[in-house]
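Protein chains in written order, with the numbering used here: chain B, 43 to 305; chain R, 2 to 127.
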Ligand code: SF4
Ligand code: SF4
């Protein structure tokens with residue numbers, strides 16, 4: 043199976059590890075991520091104001107490019123996923139936004155949100171299947187206690203994201219179990235790390251992330267996995283915390299027996 | 002009548018009158034302690050036209066856009082959209098940008114992801 047792939051700006055720079063292990067694991071599991079030829083930054087945050095059109099265009103361009111290739115659009119970064127998925131919903135449901143986007147882009151073929159947007163985790167769950175992943179594991183992560191860190195952007199608002207149960211999600215825990223490790227449930231797995239305030243108000247982001255880590259540690263987690271470079275940054279800024287934070291793709295690749303890949 | 006109220010209603014698409022004042026948004030909000038007006042109060046203040054106070058409050062910058070309030074509101078009020086609309090209506094006035102490009106370099110830490118800078122510019126500037 044071949045997918046259009048939107049890496050996003052951070053996965054080309056500070057978040058390279060999320061990307062490189064994800065690509066390697068995909069190859070091993072038999073699906074292909076074909077990077078869109080001319081993608082533009084998604085903008086990192088979803089524009090909530092309904093009159094913003096320019097900030098939606100990069101998402102629409104990516105969605106249309108995938109449509110033209112006849113492929114689903116896959117993302118790895120939680121933030122890109124959040125933005126592109128919601129903009130796709132706008133194109134489907136909000137005639138005013140869709141109309142003004144069309145007026146600007148003048149597309150040869152009209153676009154009405156028909157591309158399927160899937161997060162890499164959804165590809166694993168819905169297209170590959172956790173049973174297949176389990177059968178492909180060569181180096182099970184035996185005994186490792188891993189907490190899934192969803193944060194906010196993967197799941198909410200669930201009416202638009204339609205990815206998992208927003209209050210009691212399972213996709214990452216099911217992956218952890220498939221890799222042979224033990225999923226640890228903790229209350230703050232779907233609470234925010236502090237997110238974008240990291241730049242303007244670093245102490246505030248620090249406090250938020252510390253709460254998440256403490257909560258995970260108290261529940262018995264040794265490692266947290268995330269799909270977001272900003273969560274990774276905020277969580278790892280907390281000094282000397284015993285909980286390690288990893289991209290989920292790194293542990294996936296490790297369990298699949300992938301040793302080294304070049305970035 | 003407040004001069005900005007129509008604009009806020011227009012760009013948020015939120016009808017604050019749907020709020021039944023249950024407080025679930027504030028009970029869910031991770032930024033609760035960082036806001037002088039908590040999400041349920043924010044909604045109520047927009048409803049009564051007290052927008053200027055909200056524009057001057059730090060809560061418009063401490064809302065994390067985590068959408069917990071949107072998810073959990075039993076009346077689909079979407080407080081986060083309202084907060085963003087108040088912030089945008091304020092920032093879109095001349096001289097009101099919260100962050101300038103020259104404010105960024107001194108704040109950079111080596112492994113800060115690019116998305117944080119992009120997000121900050123989207124959130125704090127016109
Ligand atoms: S989106 Fe903002 S107001 Fe709503 S729960 Fe999150 S931080 Fe609080
Ligand atoms: S959760 Fe919804 S209905 Fe309840 S106070 Fe907040 S905005 Fe109003």
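Note that CB positions come from ideal geometry on N, CA and C, so glycine has one too. These figures come from a predicted structure and were not determined experimentally.
Report the residue from the options whose alpha carbon sits nearest the alpha carbon of residue i.
i, options, result
"residue 118 of chain B", "B/164, B/157, B/102, B/283", "B/164"
"residue 60 of chain R", "B/257, B/75, B/243", "B/243"
"residue 51 of chain B", "B/90, B/75, B/80", "B/80"
"residue 245 of chain B", "B/279, B/135, B/167", "B/279"
"residue 310 of chain B", "B/230, B/248, B/249, B/60", "In the structure as shown, chain B starts at 43 and stops at 305, and residue 310 of chain B therefore has no counterpart that could be examined."
"residue 85 of chain B", "B/203, B/255, B/249, B/125", "B/125"
"residue 106 of chain R", "R/118, R/11, R/16, R/66", "R/118"
"residue 44 of chain B", "B/111, B/297, B/218, B/75", "B/75"
"residue 16 of chain R", "R/93, R/75, R/127, R/80", "R/80"
"residue 45 of chain R", "R/115, R/91, R/84", "R/84"
"residue 58 of chain B", "B/289, B/140, B/78, B/252", "B/289"
"residue 96 of chain R", "R/127, R/25, R/104, R/120", "R/127"
"residue 202 of chain B", "B/261, B/135, B/254, B/249", "B/135"
"residue 283 of chain B", "B/108, B/253, B/97, B/212", "B/253"
"residue 273 of chain B", "B/302, B/303, B/260, B/241", "B/241"
What is the DSSP secondary structure of residue i, counted as helix, strand or coil?
i, result
"residue 86 of chain R", "helix"
"residue 32 of chain R", "coil"
"residue 161 of chain B", "strand"
"residue 119 of chain R", "helix"
"residue 95 of chain B", "coil"
"residue 224 of chain B", "strand"
"residue 117 of chain B", "strand"
"residue 74 of chain B", "strand"
"residue 48 of chain B", "strand"
"residue 291 of chain B", "helix"
"residue 186 of chain B", "coil"
"residue 267 of chain B", "strand"
"residue 69 of chain B", "helix"
"residue 90 of chain B", "coil"
"residue 286 of chain B", "strand"
"residue 246 of chain B", "helix"
"residue 174 of chain B", "helix"
"residue 154 of chain B", "coil"
"residue 13 of chain R", "helix"
"residue 91 of chain R", "helix"
"residue 251 of chain B", "helix"
"residue 257 of chain B", "helix"
Report yes or no: is there a C-beta of chain R within less than 9 Å of the C-beta of residue i?
i, result
"residue 321 of chain B", "In the structure displayed, chain B extends from 43 to 305; residue 321 of chain B sits before or after that span and is not available."
"residue 284 of chain B", "no"
"residue 243 of chain B", "yes"
"residue 133 of chain B", "no"
Please say whether residue j and residue i have beta carbons closer to each other than 9 Å?
i, j, result
"residue 124 of chain R", "residue 101 of chain R", "no"
"residue 157 of chain B", "residue 99 of chain B", "no"
"residue 130 of chain B", "residue 147 of chain B", "no"
"residue 205 of chain B", "residue 161 of chain B", "yes"
"residue 268 of chain B", "residue 67 of chain B", "no"
"residue 175 of chain B", "residue 294 of chain B", "yes"
"residue 49 of chain B", "residue 122 of chain B", "yes"
"residue 173 of chain B", "residue 299 of chain B", "no"
"residue 258 of chain B", "residue 285 of chain B", "yes"
"residue 277 of chain B", "residue 234 of chain B", "no"
"residue 221 of chain B", "residue 183 of chain B", "yes"
"residue 37 of chain B", "residue 178 of chain B", "Because residue 37 of chain B is not part of the residues shown, which for chain B are 43 to 305, the question remains open."
"residue 65 of chain R", "residue 275 of chain B", "no"
"residue 90 of chain B", "residue 86 of chain R", "yes"
"residue 38 of chain R", "residue 99 of chain R", "no"
"residue 169 of chain B", "residue 12 of chain R", "no"
"residue 217 of chain B", "residue 166 of chain B", "yes"
"residue 78 of chain B", "residue 120 of chain B", "no"
"residue 144 of chain B", "residue 155 of chain B", "no"
Just to confirm, does residue i get its C-beta within under 8 Å of one of the non-hydrogen atoms of ligand 3?
i, result
"residue 243 of chain B", "The ligand content of the structure shown is limited to ligand 1 and ligand 2, which means ligand 3 is not among them."
So with Cβ pairs under 9 Å, would you call residue i a contact of chain B?
i, result
"residue 66 of chain R", "yes"
"residue 6 of chain R", "no"
"residue 37 of chain R", "no"
"residue 31 of chain R", "yes"
"residue 123 of chain R", "yes"
"residue 105 of chain R", "yes"
"residue 47 of chain R", "no"
"residue 57 of chain R", "no"
"residue 53 of chain R", "no"
"residue 99 of chain R", "yes"
"residue 116 of chain R", "yes"
"residue 108 of chain R", "yes"
"residue 12 of chain R", "yes"
- Item | Contact the region 187–200 of chain B vs the region 137–152 of chain B: 3+ CB pairs below 8 Å | no
- Taking 8 Å as the threshold, find out whether the region 29–40 of chain R comes into contact with the region 61–70 of chain R through three or more Cβ pairs. Because the criterion of three Cβ pairs below 8 Å is met, the region 29–40 of chain R and the region 61–70 of chain R touch.
- Are the region 5–25 of chain R and the region 37–56 of chain R touching by the rule of at least three beta carbon pairs closer than 8 Å? As far as the Cβ criterion goes, the region 5–25 of chain R touches the region 37–56 of chain R, which means the pair count is three or higher.
- Query: So, do the region 12–25 of chain R and the region 222–238 of chain B have three or more beta carbon pairs nearer to each other than 8 Å?
  - Reply: No: fewer than three Cβ pairs fall under 8 Å.
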